[in-house]
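Residue 17 is where the sequence shown starts when you use this note's numbering, and the numbers rise one by one after that.
Glycine included, C-beta positions come from ideal geometry on N, C-alpha and C.
Following: one structure in structure tokens, then a few remarks.
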Amino acid sequence: MGRAAWKIGTGSVLIAASWLQVLAPAWVFAPIQPRVFGLPLAPVLVLGLSSALFAVGAIVAGEGICNAFGSTSLGDIFVRDPLRALRLLACGTVAGLVLEIVAQWLGRLWYYPWWTTWFYALVLVPGFALYWLFIVESYLAAKAVLDTAVRRLPARRPVRLWPVGAAALAVFAALSIRWYAERGFTFDVTNPTPSAPPFGHAVLAFAGVALLSGALVTAAGRLYRVPFAAIVLAAAVVSVVYEVPNAVHWHWAYTHFPGPRLRDGLPLTVFLAWPMQYVVFLAVPSVIMPSAAALFWQPPADPGADQRMCREPLPGELGDIESEGAEQARVGLDVDDLR
């Protein structure tokens, strides 16, 4: 417990340090300042460091919470099986790219006012890898807390709604093609655009991605509410702590979000949209790497279960999806295999 408390404390200090960006002197964000190939160094360094401090702090604190409640964290997987952890991280990076393509490239819902296109291309993949890590670790921390108050449920037949998800994505693609065919497409991640597709298009795409994950739908079908409550809890806490300081100097800025805005210009619907990115960040790896589904969407194993290292599922371990008596659904290994 002492080590867990140390991690929680260290992570909290790093998160608090990320708020120092609001105290940066005005000259850091002056319109005229030294640039390297068009990139303003001072604001990019200050805001980038603040985001990195927050991400690392959230990862460390989340791991500490998981340790305190005896639950599996991403850090445990990296220690026990680095190769599998890297595969999981690659899947998470794909999830980040899905989010960016749908909501930024096509949805035009945010942009990066201090960046240049070349810098965006440079940090896109590593940035989303780090972003995915702290989002998922915060979810696992919330899930660890909530799982202690919910009784474990027996495994049930998995629910398959991926055809519905695929249809939703097909409709989204058709709507996007039609919208841009009529108005033209310009790739710009550093400036606001005068118009954007309806916000509902992005919601439709995210719903389609969620339905592709049989593990997510099965968790809902078996009335295992903890994952969804954990998404809401983690998103509520992280969105406030992460978005409020950003609204001072705008490392990323929002546009075309519907609804009212706060006095600093931050749309209220941003906070309502945060759970959707959690769903994407959890659903995409669950589809690509089925063993992740057990960690994300299933109840924890009984206390005292053997602590086997994370590994590839053996034949038969994924469960017979056609059998009511199967102990585990096809979506993944028992969570013991990830502990």
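Query raised in the report: Along the chain, where does the alpha helix (DSSP H) that runs through residue 92 open and close?
Result: For residue 92, the uninterrupted alpha helix (DSSP H) run begins and ends at 90 to 96, by DSSP.
Query - Euclidean distance between Cα positions of residue 102 and residue 112 - result: Using only the alpha carbons, I get a separation of about 15 Å.
Query - For residue 103, three-class secondary structure by DSSP - result: In the displayed model, residue 103 falls within a helix according to three-state DSSP.
**Report entry** Cα-Cα separation between residue 319 and residue 249, rounded to whole angstroms
**Finding:** No answer about residue 319 holds up, because its pLDDT of 45 lies below 50 and its placement is not dependable.
Query - Option in 75, 47, 184 and 213 with minimal Cα separation from residue 273 - result: Answer by Cα proximity: 213.
Requested in this report: Please specify which runs of the alpha helix (DSSP H), each continuous and at least 4 residues long, are wholly inside the region 103 to 169, giving them in chain order.
Outcome: Taken in chain order, the complete alpha helix (DSSP H) segments of 4 residues or longer contained in the region 103 to 169 are 133 to 163.
Query raised in the report: Whose C-beta lies closer than 8 Å to the C-beta of residue 136 among residues of the same chain, with five residues either side of it excluded?
Result: The answer, listed in chain order, is 128, 205 and 206.
Query raised in the report: By DSSP, does residue 241 sit in helix, in strand, or in coil?
Result: Residue 241 falls in the coil class under three-state DSSP.
Requested in this report: May I ask you to verify whether the region 51 to 68 touches the region 116 to 134, counting CB pairs closer than 8 Å and requiring at least 3?
Outcome: In short, these stretches touch, since the Cβ pair count reaches three.
Requested in this report: Give the secondary structure of residue 269 by DSSP, where H, G and I count as helix, E and B as strand, and everything else as coil.
Outcome: Residue state, collapsed to three classes: strand.
Query raised in the report: For residue 52, which of helix, strand or coil comes out of DSSP?
Result: In the structure shown, residue 52 falls within a strand segment according to DSSP collapsed to helix, strand and coil.
Query raised in the report: Is it buried or exposed for residue 196, if we count other Cβ within 10 angstroms and need 16 for buried?
Result: Exposed.
Query raised in the report: Can you tell me the Cα-Cα spacing of residue 264 and residue 179, whole angstroms?
Result: So the alpha carbons of these two residues sit roughly 43 Å apart.
Query raised in the report: Around the C-beta of residue 203, are 16 or more other C-beta atoms found within 10 angstroms, so that it is buried, or is it exposed?
Result: That one is exposed.
Query raised in the report: Is it true that the CB of residue 185 sits closer than 9 Å to the CB of residue 225?
Result: Yes, Cβ-Cβ distance for residue 225 and residue 185 is below 9 Å.
Query raised in the report: Between the beta-carbon of residue 232 and the beta-carbon of residue 302, is there less than 9 Å?
Result: Judged by their CB atoms, residue 232 and residue 302 are nearer to each other than the 9 Å cut-off.
Query raised in the report: Is there a Cβ from chain D that is less than 9 Å from the Cβ of residue 256?
Result: This model lacks chain D altogether, as it is built from one protein chain only.
**Report entry** Buried/exposed call for residue 193, threshold 16 Cβ in 10 Å
**Finding:** Residue burial is scored here from C-beta neighbours: residue 193 has fewer than 16 other C-beta atoms within 10 angstroms and is therefore classed as exposed.
**Report entry** 4-residue-minimum alpha helix (DSSP H) runs that sit fully inside the region 169 to 210, ordered along the chain
**Finding:** For the region 169 to 210, whole alpha helix (DSSP H) runs of length 4 or above, ordered along the chain, are 178 to 199.
Query raised in the report: So, using beta-carbon positions, are residue 22 and residue 261 closer together than 9 Å?
Result: Not closer than 9 Å, so no.
Query raised in the report: Per DSSP, what kind of secondary structure is residue 279 in: helix, strand or coil?
Result: Reduced to three states, the DSSP call for residue 279 is coil.
Query raised in the report: What whole-angstrom Cβ distance do residue 117 and residue 80 have, given they're in contact under 8 Å?
Result: Incorrect: roughly 33 Å between the Cβ atoms, too far for contact.
**Report entry** Beta-carbon contacts of residue 245 that lie in its chain and below 7 Å, excluding the five residues immediately before and after
**Finding:** Leaving aside the five residues that flank residue 245 on each side, the residues in its chain whose CB is nearer than 7 Å to its CB run, in chain order, 162.
Requested in this report: Note down, in chain order, each residue of its chain lying with its Cβ closer than 8 Å to the Cβ of residue 126, except the 5 sequence neighbours on either side.
Outcome: Within the same chain, Cβ atoms closer than 8 Å to the Cβ of residue 126 are found at 119, 120, 268, 269, 270 and 271, the five residues on either side in sequence being excluded.
Query raised in the report: DSSP three-state call for residue 86: helix, strand or coil?
Result: Coil.
Requested in this report: Give the single residue among 243, 215, 251 and 229 whose Cα lies nearest to the Cα of residue 305.
Outcome: Nearest C-alpha to residue 305: 229.
Query - At least three beta-carbon pairs within less than 8 Å, the region 281 to 293 to the region 61 to 71 - result: Too few Cβ pairs lie closer than 8 Å, so no.
Report task. Please work out which residues of its chain come closer than 6 Å, Cβ to Cβ, to residue 175, disregarding the five sequence neighbours upstream and downstream, and give them in chain order. Result -> Excluding positions up to five away in sequence, the list reads 233, 234 and 237.
Query raised in the report: Mind checking whether residue 74 and residue 123 have CB atoms under 9 Å apart?
Result: In terms of Cβ geometry, residue 74 and residue 123 do not form a close pair [threshold 9 Å].
Requested in this report: May I have the straight-line CA-CA distance separating residue 299 from residue 187, to the nearest angstrom?
Outcome: In a straight line, the C-alpha of residue 299 is about 19 Å away from that of residue 187.
Requested in this report: State the Cα-Cα distance for the pair residue 148 and residue 94, rounded to the nearest angstrom.
Outcome: Each residue's Cα considered, the two are about 15 Å apart.
Query raised in the report: To which residues of the same chain is residue 220 closer than 6 Å at the C-beta, ignoring the five residues directly before and after it?
Result: Excluding residues within five positions, the ones whose Cβ falls inside 6 Å are 184 and 188.
Query raised in the report: Between which two residues does the alpha helix (DSSP H) carrying residue 313 extend?
Result: Per DSSP, the continuous alpha helix (DSSP H) segment holding residue 313 begins and ends at 307 to 313.
Report task. List the whole-angstrom C-beta distance separating residue 222 from residue 296, where the pair is believed to meet the contact cut-off of C-beta under 8 Å. Result -> Confirmed, Cβ separation roughly 6 Å.
Query raised in the report: Taking the continuous alpha helix (DSSP H) assigned at residue 293, which residues delimit it?
Result: Counting along the chain, the alpha helix (DSSP H) containing residue 293 begins and ends at 284 to 304.
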